[in-house]
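Q:
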């Protein structure tokens, strides 16, 4: 769910797994539906694509992005955090943000990625 976010032949994992009303969302990165990197060297553009992908997974499970209750953000450099926070404020304009943890990492799964975010949602909670 949703399969159009990547090729299951290339990357055999689920973007989201639902257990009851809980939705566990795999790490989302700034790849579009054609598996093209969005926002090379642009943390804000990458954050926007990540939230588009998270939203697609949540909606495929019957929820809304505001059902996201927790995220873990992996960043190459903490200097990218303000860009991510800016976009998150746009996604959650009422200020009811998910619980969050930020972790700096040495590398992410593909060249050019600056951010990766995994999430948990409670479908129907918002």
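Residue numbers (my numbering): 1 to 126.
Backbone N, C-alpha and C fix where the C-beta goes; we use that ideal spot for every residue, glycine too.
Bear in mind that the values here come from a model prediction, so they are computed numbers and not experimental data.
Can you tell me the Cα-Cα spacing of residue 120 and residue 70, whole angstroms?
A: Taking the chain shown and counting its residues from 1, one reaches residue 120 at position 120. Taking the chain shown and counting its residues from 1, one reaches residue 70 at position 70. So the two alpha carbons sit approximately 5 angstroms from each other.
Q: Closer than 8 angstroms by C-beta to residue 38: which residues in its own chain qualify, once you throw out the five before and the five after it? Chain order, please.
A: The residue labelled residue 38 in the question sits at position 38 within the chain shown. Answer for residue 38: 30, 31, 32, 45, 46, 48 and 49, listed in chain order.
Q: Between residue 114 and residue 124, what straight-line distance do the alpha-carbon atoms span, to the nearest angstrom?
A: Here residue 114 corresponds to residue number 114 of the chain shown, with the count starting at 1. Here residue 124 corresponds to residue number 124 of the chain shown, with the count starting at 1. Residue 114 and residue 124: Cα-Cα distance of roughly 31 angstroms.
Q: Over the uninterrupted beta strand (DSSP E) stretch that includes residue 17, give me the two end residues.
A: Sequence index remark: in the chain shown, residue 17 carries index 17 (1-based). Residues 16 to 19.
Q: Between the region 11 to 27 and the region 84 to 95, do three or more beta carbon pairs fall short of 8 angstroms?
A: Output reads no: the region 84 to 95 does not touch the region 11 to 27.
Q: I'd like the span of the alpha helix (DSSP H) that includes residue 78, first residue to last.
A: In the chain shown, residue 78 corresponds to position 78, counting from 1. Counting along the chain, residue 78 falls outside any alpha helix (DSSP H), and DSSP gives it neither H nor E.
Q: For residue 57, which of 112, 81, 82 and 23 has the nearest alpha-carbon?
A: Indexing the chain shown from 1 puts residue 57 at position 57. When only C-alpha atoms are compared, the closest one is 23.
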